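Residue numbers (my numbering), protein chains in the order written: chain A, 48 to 404; chain B, 5 to 116. Glycine is no exception: its CB is placed at the ideal position from the N, C-alpha and C atoms. None of these values were measured; they are calculated from a predicted model.
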Amino acid sequence: METDLLIIGGGPAGLSAAYEPARHGLKVTIVDESLRLGGQLNQQSQVLDLPSGFAKQTGMKLSQFLQDRLLNYDVDLLTKCTMIGTYKDGRIGVTDGNTTFSIRSQKTIITTGAAEDSISFPGWTLPGVMTIGAAQILLNREKVLPGKKAIVLGTNNLAFEITKQLNESGVEVIAIIEKESTVDVDADNIAYLKQANIPIYVNTSITRARGPGEVEKVLIDNNGTEVAFDVDLVCIAGGLFPILEPFQVLGCELIYLSELGGWLPKYDTNFETSIPNTYVAGNAAGITAMKAIMLTGDLVGISILDSLENYNSDYVKKRKDSLWTELAKAEQPEVWSARLSLIKEFELERKYVTSNR
Amino acid sequence: MDKSTIVCRCEEINVDEIETVIKMGATTFDDIKRLTRCGMGPCQAKVCMNLVNRIIHDNTDKPFSDLTPANMRMPLKLTRISALASSDQTITSVTSVFDESLQEVGETNREE
Numbered sequence: 048m049e050t051d052l053l054i055i056g057g058g059p060a061g062l063s064a065a066y067e068p069a070r071h072g073l074k075v076t077i078v079d080e081s082l083r084l085g086g087q088l089n090q091q092s093q094v095l096d097l098p099s100g101f102a103k104q105t106g107m108k109l110s111q112f113l114q115d116r117l118l119n120y121d122v123d124l125l126t127k128c129t130m131i132g133t134y135k136d137g138r139i140g141v142t143d144g145n146t147t148f149s150i151r152s153q154k155t156i157i158t159t160g161a162a163e164d165s166i167s168f169p170g171w172t173l174p175g176v177m178t179i180g181a182a183q184i185l186l187n188r189e190k191v192l193p194g195k196k197a198i199v200l201g202t203n204n205l206a207f208e209i210t211k212q213l214n215e216s217g218v219e220v221i222a223i224i225e226k227e228s229t230v231d232v233d234a235d236n237i238a239y240l241k242q243a244n245i246p247i248y249v250n251t252s253i254t255r256a257r258g259p260g261e262v263e264k265v266l267i268d269n270n271g272t273e274v275a276f277d278v279d280l281v282c283i284a285g286g287l288f289p290i291l292e293p294f295q296v297l298g299c300e301l302i303y304l305s306e307l308g309g310w311l312p313k314y315d316t317n318f319e320t321s322i323p324n325t326y327v328a329g330n331a332a333g334i335t336a337m338k339a340i341m342l343t344g345d346l347v348g349i350s351i352l353d354s355l356e357n358y359n360s361d362y363v364k365k366r367k368d369s370l371w372t373e374l375a376k377a378e379q380p381e382v383w384s385a386r387l388s389l390i391k392e393f394e395l396e397r398k399y400v401t402s403n404r
Numbered sequence: 005m006d007k008s009t010i011v012c013r014c015e016e017i018n019v020d021e022i023e024t025v026i027k028m029g030a031t032t033f034d035d036i037k038r039l040t041r042c043g044m045g046p047c048q049a050k051v052c053m054n055l056v057n058r059i060i061h062d063n064t065d066k067p068f069s070d071l072t073p074a075n076m077r078m079p080l081k082l083t084r085i086s087a088l089a090s091s092d093q094t095i096t097s098v099t100s101v102f103d104e105s106l107q108e109v110g111e112t113n114r115e116e
């Protein structure tokens, strides 16, 4: 199979990246391992803050919109297809479960997104213990209640958002547990938890989850005092980290930046990795908010057009500038400055290598 | 933490087993993998890698930026042998997928 632009991962970043190149006439192929495109958007019933031109809307609604706007263009959507490897000549190996085939492309964008970090404690492998994202998938995508009485381990805005959804769906959230002494969460989330009567225990960790075959009881250590809760669901909110496998098998150089979620591929101002014609966007390029995930997708799409002789119009250049301006405003200061220093250092490194050849 | 806590759920490797091989001289995820089978089950280190790196960090004071991710091999996801075998005309056999894999990447890591 041949294509101009191959996109690995059809979530918010991949679908955003596809739009401008497709609209300008490139043949685009999107590979996604799920049955339907949209990635994590498909279970996000929360209202998202999005780039200019988009009204605030739920992830579920946005997923459909991003897919629909590609319908009129030459875009091949390969759902239930997984990238499993690469060939020496640069082709990407893909399987649909029954057969394996290769895709040759001029440019490849890898938008694999993020995975959830786990937190281990005695009993964490019991059924009933899952990541908070898994609980949201069960709730909103599979329409199954993940449990009746829950405890949430870890605090971040996404976890609070999902806690809210669990609570509103009839799951009784008994407590939120945080091992640090402070909680870094928006004021309106705190207000909601107060009103919903969900306590946050700081300086607290789980000592053990217990039960015959599944979770029935959780013991916590609250400032040295042991407290027991009867729960059948423990949601681990350990935060997100970029998914790296495709970059690793392609041989992309990696770097560790805690502000961006840990290990991630190095990239330049066009989001091109150390492997030529291989790009990255979205959470795989550093964990960030939905608005910035989409903007990095837009940016990589427009940067690819800019790099092609027949497409680098005035419109493309102007759009690129305005997207960078919007991204600077959209990101948390520490995420933005980590991203900039990553780009700057990589470009310096590459210049040095080239000049010493 | 309780030393019997499972870290790698696929291969059922606990904290104690990982700390033991660190005491024996293991310094990277891949060292621990080779000595204990940690990360060699169906999920291929997707769940345990960061947990293991945290244990190495806590036991050796090595910064996270020195704890490189586990080496990944093809196929990246669970794939039926029949799917690898029944490929399109551009790939002629199962071996082409494995033989053509970027072995240099694996070789380099192994020499460390």
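When the Cα atoms are used, what is the spatial distance from residue i to residue j?
i: I22(B); j: Q48(B); result: 17 Å
i: N359(A); j: T316(A); result: 16 Å
i: S228(A); j: K313(A); result: 34 Å
i: T76(A); j: I237(A); result: 43 Å
i: K154(A); j: L355(A); result: 10 Å
i: V11(B); j: F168(A); result: 9 Å
i: V249(A); j: I221(A); result: 14 Å
i: M53(B); j: F33(B); result: 7 Å
i: A234(A); j: L387(A); result: 29 Å
i: R188(A); j: G29(B); result: 46 Å
i: T133(A); j: Y120(A); result: 27 Å
i: V94(A); j: E208(A); result: 10 Å
i: A197(A); j: V327(A); result: 37 Å
i: L200(A); j: V230(A); result: 12 Å
i: L127(A); j: T142(A); result: Looking at the sequence itself, residue 127(A) is Lys, so the reference to Leu does not match. If you take the alpha carbons of K127(A) and T142(A), they lie about 8 Å apart.
i: K211(A); j: A162(A); result: 21 Å
i: K398(A); j: I322(A); result: 15 Å
May I ask you to report which of helix, strand or coil DSSP gives residue i?
i: S99(A); result: coil
i: R41(B); result: coil
i: W310(A); result: strand
i: N269(A); result: strand
i: V75(A); result: strand
i: I53(A); result: One detail in the question is off: residue 53(A) reads as Leu in this sequence, not Ile. Strand.
i: Y248(A); result: strand
i: P68(A); result: helix
i: L71(B); result: coil
i: G58(A); result: coil
i: V296(A); result: helix
i: L109(A); result: helix
i: D65(B); result: coil
i: L88(A); result: helix
i: K127(A); result: coil
i: E219(A); result: strand
i: R77(B); result: coil
i: K264(A); result: strand
i: Q114(A); result: helix
i: Q93(B); result: Reliability of the predicted coordinates at Q93(B) is poor, the pLDDT of 49 falling under 50, and no value is obtained from them.
i: D143(A); result: coil
Along the beta strand (DSSP E) that carries residue i, what are the first and last residues, could you check?
i: R151(A); result: 147-157
i: L205(A); result: L205(A) -> not in any beta strand (DSSP E); alpha helix (DSSP H) instead, spanning 204-215.
i: D136(A); result: D136(A) -> no beta strand (DSSP E), and no H or E assigned at all.
i: L304(A); result: 301-304
For the alpha helix (DSSP H) containing residue i, list its first residue and its last residue.
i: P289(A); result: Per DSSP, P289(A) belongs to no alpha helix (DSSP H); it is in the beta strand (DSSP E), 287-289.
i: A197(A); result: No alpha helix (DSSP H) contains A197(A), which is instead part of the beta strand (DSSP E) from 196-200.
i: L395(A); result: 380-402
i: I237(A); result: 234-242
i: I166(A); result: No alpha helix (DSSP H) holds I166(A); DSSP gives it neither H nor E.
i: I179(A); result: 179-183
i: A284(A); result: Element bounds for A284(A): n/a, residue is neither H nor E.
i: S86(B); result: 85-89
Answer yes or no: the CB of residue i versus the heavy atoms of the ligand ZN, is any distance below 6 Å?
i: V265(A); result: With respect to the ligand ZN, the structure shown offers nothing to examine, as it has no ligands at all.
From the beta carbon of residue i, is the nearest beta carbon of chain E less than 7 Å away?
i: F33(B); result: You won't find chain E in this structure, because its protein chains are A and B.
Exercise for review: Could you list the residues in the region 150-170 of chain A with a C-beta less than 7 Å from some C-beta on chain B, going in chain order?
Suggested key: A162, D164, S165, S167, F168, P169
**Study point:** Length-filtered (3 minimum) beta strand (DSSP E) runs lying within the region 12-57 of chain B
**Key:** none
Exercise for review: With a floor of 4 residues, list each alpha helix (DSSP H) that falls wholly inside the region 315-366 of chain A, ordered by position along the chain.
Suggested key: 337-354
Review point. Which residues, taken in chain order from the region 176-189 of chain A, show a beta carbon closer than 9 Å to some beta carbon of chain B?
Key: none
Review point. Between the region 11-29 of chain B and chain A, which residues of the former have CB atoms less than 7 Å from a CB of the latter, in chain order?
Key: V11, R13
Exercise for review: Anything in the region 287-300 of chain A with a Cβ closer than 8 Å to a Cβ of chain B? List those residues in chain order, please.
Suggested key: F288, L291, E292, P293, Q295, V296, L297, G298
Practice item. Using a Cβ-Cβ cut-off of less than 7 Å, give me the residues of the region 38-56 of chain B that come near chain A, in sequence order. Key: K50, V51, N54, L55
Review point. Quick one, which residues of the region 370-398 of chain A are near chain B if we go by CB-CB under 7 Å, in chain order?
Key: none
Check your understanding: Which residues, in chain order, does the region 114-138 of chain A contribute to contact with chain B at a C-beta distance below 7 Å?
Key -> T129, M130, I131, G132, T133, Y134, K135
Check your understanding: Along the region 303-324 of chain A, what residues have a CB closer than 9 Å to any CB found in chain B?
Key -> Y303, L304, S305, G309, W310
Review point. Going along the chain, which residues of the region 53-83 of chain B sit with their C-beta nearer than 7 Å to a C-beta in chain A?
Key: N54, L55, F68, S69, P73, M76, M78, P79, L80, K81, T83
Check your understanding: What residues in the region 218-252 of chain A bring their beta carbon closer than 7 Å to a beta carbon of chain B?
Key -> none
Check your understanding: Taking Cβ-Cβ distances below 8 Å as the criterion, which residues of the region 68-99 of chain A are in contact with chain B?
Key -> E80
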